[in-house]
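Mind the numbering: the sequence shown is residues 3 to 272 in the numbering used here, read in order. Quick reminder that beta carbons are idealized off the backbone N, C-alpha and C, glycines included.
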Amino acid sequence: MSRITQTLSALDAAGRKALIPFVTAGDPDLSVTVPLMHTLVEAGADIIELGVPFSDPMADGPTIQRASERALLKKVSLRQVIAAVAEFRTRNTTTPVVLMGYANPIEAMGVDAFADAASAAGADGVLVVDYPPEESREFARVVRAAGLDVIFLLAPTSTDVRIRAVGEIGSGYIYYVSLKGVTGAGHIDIDAVSKRIPLIRDMVGLPVGVGFGVRDGASAKALAAVADAVVIGSRIIEEIENSPADQILPRVKTLLSGIRAAMDSVEVTA
């Protein structure tokens, strides 16, 4: 059983929902990344999605695009992101880390080399935004052979065929995009999400985390009532970019602690 599955199973047994924050490695500087990851855990994160900066993040809105731009200005590479995971592991051996990004940096490094390096560093999963499941069987085979979960996105527009394809090769959890559009856009239609999640969960057989549009404790609480996990990214990155350097960690901790408390106030009935 992978570290991701162990974590989600333990939370389910305890009647709690997973909090999955996303941050971009190297934003605003690589020296901040590992301390920030530890701060996320201290604030209640159960799994960390660590973004690999990329020059053309087409699924991301302006906020996460700016985070990538700041990291790329510091010339943060995929190998440096993997090294940050290894450094994080020297103090934390329990919190799963998912590398989230785009295909180009992985293919430039080589899929086999990437899978081996990510696994050796202590990463637990990979989410490649622009890898559709229908074209990812060989990638999934290589990555899973290295001991990493392969996580896929599903959206409100995903067909039953796409959902089943994800179920055949995905593992760990499903990242369900709560709305049509890019990260940080619009407002979540909780009713629509609540109708969609049971269908996906039944077809795929994996826990379902929901992201895109989570802004505060209220939206996180509403999603925690219907999903297995809540993913929050753009709001954290706004906190990072609007904080003085010496206030990034405490302000992010305050923000995420509030989200955690709101989620934990949900009464789980099933």
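Per DSSP, what are the beta-bridge partners of residue i in this structure?
i      : result
Ala20  : Ala231
Met102 : Gly53 and Leu129
Leu155 : Tyr177
Val25  : Leu52
Just curious, the alpha helix (DSSP H) that residue i is in, first and last residue?
i      : result
Val113 : Val113 to Ala123
Val163 : Asp162 to Ile171
Ala263 : Ile250 to Asp266
Ser33  : Leu32 to Glu44
Arg143 : Arg139 to Ala147
Ala15  : Arg5 to Ala15
For the candidate residues the options, whose alpha-carbon lies nearest to that of residue i?
i      : options                           : result
Glu241 : Leu13, Ala88, Val268 and Val25    : Val25
Val210 : Ala229, Leu52, Gly103 and Ile190  : Ala229
Ser70  : Val83, Thr7 and Phe56             : Phe56
Glu170 : Val179, Glu136 and Thr159         : Glu136
Arg253 : Arg237, Ala264 and Val268         : Arg237
Asp248 : Ser33, Ala220 and Thr7            : Ser33
Val232 : Leu13, Met3 and Gly124            : Leu13
Val145 : Leu74, Glu109 and Phe214          : Glu109
Val168 : Leu80, Ala61 and Gly207           : Gly207
Ile84  : Ala220, Ala263, Asp126 and Ala194 : Asp126
Ser121 : Phe154, Pro64, Gln8 and Arg81     : Arg81
Leu156 : Tyr175, Ala142, Arg143 and Ala148 : Tyr175
Ser267 : Arg18, Leu75 and Thr7             : Arg18
Gly149 : Ala123, Ile165, Arg166 and Lys77  : Ala123
Phe214 : Pro23, Arg72 and Met205           : Pro23
Leu21  : Val113, Leu251, Ala224 and Arg203 : Ala224
Arg262 : Ala220, Ser245, Ala15 and Val179  : Ala220
Thr9   : Ile49, Val216, Ile165 and Gly63   : Ile49
Ile6   : Gly172, Asp191 and Gly235         : Gly172
Arg93  : Met3, Ala115, Leu251 and Leu38    : Leu38
Ile234 : Ile66, Ala16 and Met3             : Ile66
Met3   : Asp151, Phe141, Ile250 and Pro246 : Asp151
Ala194 : Asp204, Asp114 and Val179         : Val179
Ser11  : Pro98, Arg217, Gly63 and Ser79    : Pro98
Ile153 : Ala47, Val212 and Ile250          : Val212
Gly46  : Ala15, Thr96 and Pro64            : Thr96
Quick check on the DSSP output: the beta strand (DSSP E) that includes residue i runs from which residue to which?
i      : result
Glu51  : Ile50 to Gly53
Val179 : Ile176 to Val179
Is there a Cβ of chain B sitting closer than 8 angstroms to that of residue i, yes or no?
i     : result
Thr95 : The structure shown contains no chain B; it holds only a single protein chain.
Would you be able to state if there are at least three C-beta pairs under 8 angstroms between the stretch 32 to 50 and the stretch 256 to 265?
-> yes
Could I get the ranges of all uninterrupted alpha helix (DSSP H) runs contained in the stretch 193 to 240, with 4 residues as the minimum, in chain order?
-> 219 to 226
On the three-pair Cβ rule with 8 angstroms, is the stretch 233 to 253 touching the stretch 190 to 201?
-> The answer is no - the stretch 190 to 201 does not touch the stretch 233 to 253, with fewer than three Cβ pairs under 8 angstroms.
Decide if the stretch 84 to 99 is in contact with the stretch 154 to 172; the criterion is three or more beta carbon pairs, one per stretch, under 8 angstroms apart.
-> no
Given 8 angstroms as the limit, is there contact between the stretch 50 to 64 and the stretch 16 to 35, that is, 3 or more CB pairs closer than that?
-> yes
Could you say if the stretch 124 to 141 and the stretch 92 to 112 meet the contact criterion of at least three C-beta pairs nearer than 8 angstroms?
-> yes
Could you pull out every unbroken alpha helix (DSSP H) segment of at least 4 residues lying fully inside the stretch 54 to 98, listed in chain order?
-> 64 to 75 and 80 to 91
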